[in-house]
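Q: Just so we're aligned, residue 4 is where the sequence shown starts under the working numbering, counting upward by one.
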Amino acid sequence: MKIGIDLGGSHVGVGIIEDANLLISKDKIFTPEDKENIENSIVKYIDKLIDEVLTEQGMSIDQIEKIGVAAPGTVSGGCITSYNLGLKGFNLQAILEQKYTQPIRVKNDGKCAALAEKKYGAMKDYEDCVFVNIGTGVGGAAFLDGKLLEPAKYSGFEFGHMTIVKDGIECTCGKRGCFERYASIKSLKTRIKRRLDMEDVDISGQYMREELMVKYHNEVRNDVNDFISYLRIGICNLIDIFEPEVVCFGGSFSYYEGHPVLQQLIEEIYKPESTFNDSKPKIVTAEFKNNAGIIGATVDF
Ligand SMILES: [Zn+2]
């Protein structure tokens with residue numbers, strides 16, 4: 004059995020995993036105070052959540068073979084640089100290696116989620132795959148001929164930071180007009196809240212998707228259409244580059260399976276003028292939904 008840790012832009016989750024099965028998981032959402040000293044908060048909650056999941060399963064840490072971490076942003080040599088979390092070269096691997104005797108692996112979260120879907124989930128029957136994680140930000144991974152593509156130095160595959168708007172909105176990475184500023188679920192939520200005068204209200208992704216977007220369909224239609232258009236541009240760029248057999252959506256966007264937003268997006272992607280070749284890859288959502296990262300943190304490790 005292994006421990007998987009999913010470090011996200013707004014939370015940390017810890018689970019015990021056996022192959023593709025998440026036996027138990029617990030998570031903690033970062034408060035604004037936690038974010039003021041984010042490095043300490045991450046380490047503190049990881050320790051606490053590991054204790055809690057082991058206790059609830061009636062297990063001891065000695066029964067765990069390995070500990071894998073799925074982390075946002077760029078991961079290089081166990082160090083995390085994430086603009087969303089405000090981390091620069093944070094060596095989580097070294098910290099965890101001092102506390103635990105198990106081997107530790109820290110890997111980019113988009114790649115972890117993609118590994119889970121490729122090995123056990125929605126992409127398991129395909130060789131050429133593009134995985135796009137859409138949540139607080141946008142990340143992902145690509146497989147060609149069944150192999151996960153990985154640059155030697157950085158994480159690569161920063162799909163969220165390809166420029167799609169000249170002189171566009173400033174991004175946390177320092178550039179302008181990045182894909183994730185226009186096509187993340189966070190960006191959609193910001194636009195819908197602004198439109199409905201709800202900027203100070205804390206709403207869940209589910210409430211936005213199932214209640215607001217239905218009840219206020221006419222009011223938010225332009226915002227939703229804009230979101231779909233930007234998403235189409237980015238996804239079609241990826242299709243033209245990789246020519247995948249399948250595109251899999253992960254992160255919060257995986258909950259849009261069967262939703263009119265995803266249906267409209269697929270229709271727009273399949274229009275002949277959207278892609279260079281007459282590419283019609285299969286478009287699916289992640290089987291493991293938001294658990295893909297935590298499960299994938301332990302895949303092939
Ligand atoms: Zn950016």
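For each residue, glycine too, the CB sits at the ideal point set by N, CA and C.
Which residue marks the beginning of the beta strand (DSSP E) containing D50, and which one marks its end?
A: Segment 41 to 60 is the alpha helix (DSSP H) holding D50; no beta strand (DSSP E) there.
Q: Got a sec? Which residues, its chain only, sit under 6 Å from A117 by beta carbon, not counting five neighbours each side?
A: These residues qualify, in order along the chain: F134, A144.
Q: List the endpoints of the continuous alpha helix (DSSP H) containing I172.
A: No alpha helix (DSSP H) contains I172, which DSSP labels as neither H nor E.
Q: Mapping DSSP to helix, strand and coil, what is V227?
A: DSSP places V227 in helix when its eight states are reduced to three.
Q: Kindly identify the DSSP beta-bridge partner or partners of I242.
A: In the DSSP output, where bridge partners are listed per residue, I242 has none listed.
Q: For R179, which residues does DSSP report across the bridge?
A: R179 pairs with E173.
Q: If I'm right that V227 touches A186 with Cβ under 8 Å, what's the distance once you round it to whole angstroms?
A: Actually they are not in contact, since the Cβ atoms of V227 and A186 sit about 12 Å apart, beyond 8 Å.
Q: Going straight from the alpha carbon of R184 to that of L215, what length do you get?
A: Approximately 21 Å between the Cα atoms of the pair.
Q: If you draw a straight line from the alpha carbon of I107 to that of I242, how long is it in whole angstroms?
A: I107 and I242: Cα-Cα distance of roughly 34 Å.
Q: Just the C-alpha distance for D170 and E120, rounded to the nearest angstrom, thanks.
A: So the two alpha carbons sit approximately 35 Å from each other.
Q: Apart from the five residues just before and just after S13, which ones in its own chain have a Cβ nearer than 7 Å to its Cβ?
A: So the list reads I32, F33, T139, once near-sequence residues are dropped.
Q: Put L215 into one of helix, strand or coil per three-state DSSP.
A: It is helical.
Q: Roughly how many angstroms separate the alpha carbons of N297 and V17, rounded to a whole number?
A: The sequence given here places Ile at residue 297; Asn does not occur at that position. Answer to the nearest angstrom: the Cα atoms are 7 Å apart.
Q: Less than 7 Å separating the Cβ of K178 from some heavy atom of ligand 1?
A: Yes, since a heavy atom of ligand 1 falls inside the 7 Å radius drawn around the Cβ of K178.
Q: Can the beta-carbon of C181 be found less than 8 Å from the beta-carbon of T166?
A: Cβ distance < 8 Å, so C181 and T166 count as in contact.
Q: So, is H220 buried or exposed, given that buried needs 16 or more other C-beta atoms within 10 angstroms?
A: Exposed.
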